[in-house]
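Chains as they are written, first to last, in this note's numbering: chain A, 1 to 219; chain S, 1001 to 1219. Below you'll find the structure, written out as C-alpha cells, and then a few comments.
2 protein chains.
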Amino acid sequence: MSKIENKILTDLVYEKLKIMIDDGVLTPGQKINKLELSKILGVSQTPINDALSRLAGEKFLEQRSRQGYFVRAFSDEELVALFEMRGALEGMAIRLCCENASSDHIEELSRCFEGFSFPLNEKTYMDYVHADKTFHEKIIRYSGNSILWELSRTSGYMIKSNMKGLTRPPEETYPEHVAMIQALKERNGDKAQQLMIQHHLRSRNVFRAKLTKKELNTV
Amino acid sequence: MSKIENKILTDLVYEKLKIMIDDGVLTPGQKINKLELSKILGVSQTPINDALSRLAGEKFLEQRSRQGYFVRAFSDEELVALFEMRGALEGMAIRLCCENASSDHIEELSRCFEGFSFPLNEKTYMDYVHADKTFHEKIIRYSGNSILWELSRTSGYMIKSNMKGLTRPPEETYPEHVAMIQALKERNGDKAQQLMIQHHLRSRNVFRAKLTKKELNTV
DNA sequence: CTAATGTTTTTTGTATACAATATCTATTGA
DNA sequence: TCAATAGATATTGTATACAAAAAACATTAG
C-alpha cells in the first residue's frame, strides 16, 4: 500500500524551492524570476505564485512591492537575533523533554555524543557536526510540543539558524552538551533549560565578536 | 508629505483577512470560499490566492489539498503548546531587555502596572487586561531582537496566543508582574527570564487543569 | 566620458477561462 | 427509514492573456 499521492502543483513547487534555497542554488538576496521558474519547472505562473507567497509567509522569501520575490537575506544583527531565538525555543524544548520525554528518548539523546575523543580529525569533526545537528533537532522533537516542532520545520528563521556550521569548536561545546544530557537524565528541567540558553548565548557572543573583528579588518 | 501608497492588491486582501480573523468574522475551522471572497472584496482570484497562501505560511490558515483554505483551529494540546512557546520567547525577550533596553523604556514598562489596587472593579479589570497585553508586547518590542518582534506581529501562533483573555485572575499575576519589573530595574536578566518563564508555565498549568475539568464535565 | 533623457524590453500584478475534483442533492433499493 | 448510488452543482487548482510598472538599454547633451 503506497502513500496516496494527491499533492497539488503548488506543493511540489513549494518543496522544490525550499530545496533550492537549502542547497544554495538560490542565494540570499537573489531575485526569483517567476516566468523563468515556471519555464524551468514546467508549470504555469499560478502555482508558482502560490508557492512564493507561502514561502514569504514562512520567511524564506521576502516580497517587495512591484519588484517581486527575493530570497530572504539576514543582516548581521538579525543573525545574532536568530541565536537568541533558538536559545529561547530550544531552552524551552529541553525543559519539556525533562517533563515529557521517555527514558528511551533520553537514552537516544545521550547516545548522540558518545564515542568522541579529542582532538578530532577531519572525519570525526564531520561526525560531530552531524551529532550536534541531530541532538538539537531531537530535543525539539521529543519535547512533545507540536508547535515547536512545526516551527522548526517550516520557519525560515529556524532553518536558517540551523544552516550555519559550527560557530564554536567542538572542544568547547562538547562539555556543554554532556552537561545538558546529564540534566536530562536527572530530569532537571530548570537546569537543562539554563544550560541550553547559555549554550546558544555563548555561540551568539562568539559570533558577534567575530563580526566586530571582521568589521575592523575591512575598514 | 503623505506616505506613498504603492501597495498591491494582495497586501490589501492580506490585511483585510487578518482583521477578519482577528475580529472573529472568520472563526477557527471555518472554510474560506475564494470565489465568494473575490466577489465581496471586488478583486479577482489571483490576489486572493496570494494572500491566502501567505496567511497559510504564517499559520493563520491551513491548506487542505483540493479542499481549500480553512481558518487554523488549534487543538487543546496545541493551545497548551502555545503557552510554552510564548514563555520561551518572552522569557528570552525580557532577558534581552535587561541587556539592551534603555532606562526610559524600563521606566515605561514599570508604569504599565502602576495604580492598581485590589479587588478590581469591572472597569479596572479591563484596564488590567490592557496593561497585561501592553506589558508583554513592549517586552518583545524593547528586547532589541527584531526577529522576535517580527514573529510576534506576523506569526499566527503569537497572535493566537495573545487573543485569549486572562487565564488567571489579576490578583495572582499582579505580583508576578511586579517581580519581573523589579528584576528589569536590577538588570538581572537571569532572574527576569526565569520569572517570565514561570509566569507563562503557571498559566499553562491552570489552562490545562481547566481542560481536564471540562472533559470530566462533558463526559 | 559622464549624466540625463527617452525608448525598448522584461517582469510583475491582475483578470479571466476552464478542466478536474469535491460537495451537495435527488433517487433508488434494501 | 436508512444506506448507497448517480447525477447536478459548486469550488478548487491550473493555464493563459494582458495592462502597468520596473529594469535594461540606447541616445543625446553637457
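Here a beta-carbon is modelled for each residue, glycine too, at the ideal position from N, C-alpha and C. Keep in mind it's a predicted model, so treat the numbers as computed, not measured.
Quiz item: Can you name the residues that DSSP bridges to glycine 1057/S?
Solution: The partner list for glycine 1057/S (beta bridge, DSSP) is empty, contrary to what the question assumes.
Quiz prompt | leucine 55/A and glycine 144/A closer than 9 Å at C-beta | solution = no
Self-check item: phenylalanine 83/A, enclosing alpha helix (DSSP H) - first and last residue
Solution: 76 to 100
Self-check item: Beta-carbon proximity list for valine 43/A, same chain, < 6 Å, skipping 5 on both sides
Solution: Leu9
Exercise. Anything in chain A within Cβ reach of tyrosine 1142/S, meaning under 7 Å, just list it in chain order.
Key: Neighbours of tyrosine 1142/S on chain A: none; closest Cβ ~14 Å, over 7 Å.
Quiz prompt | Within chain A, partners of leucine 1089/S - CB distance below 8 Å | solution = Met85, Ala88 and Leu89
Practice problem: Return helix, strand or coil for arginine 1064/S, following the three-state DSSP convention. | Solution: strand
Practice problem: Identify every residue that forms a DSSP beta bridge with valine 71/A. | Solution: Leu61/A
Practice problem: Answer with yes or no whether the minimum CB distance from glutamate 1058/S to chain A is below 9 Å. | Solution: yes
Quiz item: Would the stretch 80 to 91 of chain A and the stretch 1087 to 1106 of chain S be scored as touching if the rule is three or more Cβ pairs under 8 Å?
Solution: yes
Quiz item: What does leucine 1009/S touch in chain A if you count any residue whose Cβ is under 7 Å from its own?
Solution: Those do not exist, as leucine 1009/S stays about 11 Å from chain A at its closest Cβ, beyond 7 Å.
Practice problem: Kindly indicate if chain S contains any beta-carbon less than 9 Å away from that of isoleucine 19/A. | Solution: no
Exercise. Throw me the rounded Cβ distance for the phenylalanine 1113/S and serine 1161/S pair, which I believe falls under 8 Å.
Key: About 20 Å separates the two Cβ atoms, so there is no contact after all.
Quiz item: Per DSSP, lysine 1031/S is paired with what?
Solution: Phe1070/S
Quiz prompt | Under the three-state DSSP convention, the category arginine 1168/S falls into | solution = coil
Practice problem: Under 8 Å Cβ to Cβ from aspartate 190/A, same chain only, skipping five residues before and after it: list those, please. | Solution: Arg95
Practice problem: Check the Cβ-Cβ distances between threonine 1154/S and every residue of chain A, and say whether any is below 9 Å. | Solution: yes
Practice problem: Whole angstroms is fine: what's the gap from asparagine 1217/S's alpha carbon to aspartate 1076/S's? | Solution: 16 Å
Quiz item: Closest by CA to proline 170/A, which one among Val129/A, Gln193/A and Arg204/A?
Solution: Val129/A
Quiz item: What are the boundary residues of the alpha helix (DSSP H) that includes arginine 141/A?
Solution: 122 to 141
Exercise. For asparagine 33/A, decide whether its Cβ has a neighbour in chain S, counting only Cβ atoms nearer than 9 Å.
Key: no
Practice problem: Check whether the Cβ atoms of leucine 184/A and leucine 109/A lie closer than 9 Å to each other. | Solution: yes
Practice problem: Mind the definition here: the stretch 10 to 22 of chain A touches the stretch 55 to 70 of chain A only if three or more C-beta pairs lie below 8 Å; say whether that holds. | Solution: yes
Self-check item: glutamate 108/A, enclosing alpha helix (DSSP H) - first and last residue
Solution: 103 to 111
Quiz item: Going along chain S, which residues have a C-beta under 8 Å from glutamate 77/A?
Solution: Ser1146
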